[in-house]
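Peer 1: For the sequence shown, the numbering used here begins at 12 and goes up steadily by one. Just so you know, even glycine gets a beta-carbon here, dropped at the ideal spot from N, CA and C. All figures in this text were calculated on a predicted structure; none of them were measured in a lab.
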Amino acid sequence: MSTEPSEFIDGRITIDPAICNGRPTIRGKRIAAQTILEFLGAGETPEEILRKYPSLEAEDMRACLRFAALLMDKRYELARVA
């Protein structure tokens, strides 16, 4: 496992083992991409999210969506465990 930070989507999504337990965050801030995706999925508008997190930019939310789409573009195989 790498201990070096990684960047995706023009540096908007970062993965750093030292921040948020290695979860994807927005520009190295302690704001997880998953948090933004959950807010959007719950029906919050980008404007509402920007009011809650004034250090974010609208492009950060679009980067979260693009990152999620990249993850969904993978092939997954399910294994029966029990």
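Determine the burial state of T36: buried for a count of at least 16 other Cβ atoms within 10 Å of its Cβ, exposed for fewer.
Peer 2: Residue 36 sits at position 25 when you count from the first residue of the sequence shown. It counts as buried.
Peer 1: Distance check for A93 and L76, CA to CA, integer angstroms please.
Peer 2: Position 65 of the sequence shown, counted from the first residue, corresponds to residue 76. Position 82 of the sequence shown, counted from the first residue, corresponds to residue 93. Approximately 34 Å between the Cα atoms of the pair.
Peer 1: DSSP beta-bridge partners for I37?
Peer 2: Position 26 of the sequence shown holds residue 37. DSSP lists I24 as partners of I37.
Peer 1: Between which two residues does the alpha helix (DSSP H) holding A58 run?
Peer 2: For the purposes of this step, residue 58 is taken as the residue at position 47 of the sequence shown. A small fix is needed here, since residue 58 is Glu in this sequence, not Ala. First-last of the alpha helix (DSSP H) with E58: P57 to K63.
Peer 1: Mapping the DSSP letters down to three states, classify A43 as helix, strand or coil.
Peer 2: Numbered from 1 along the sequence shown, position 32 holds the residue referred to as residue 43. In the structure shown, A43 sits in a strand (DSSP, three-state: E or B).
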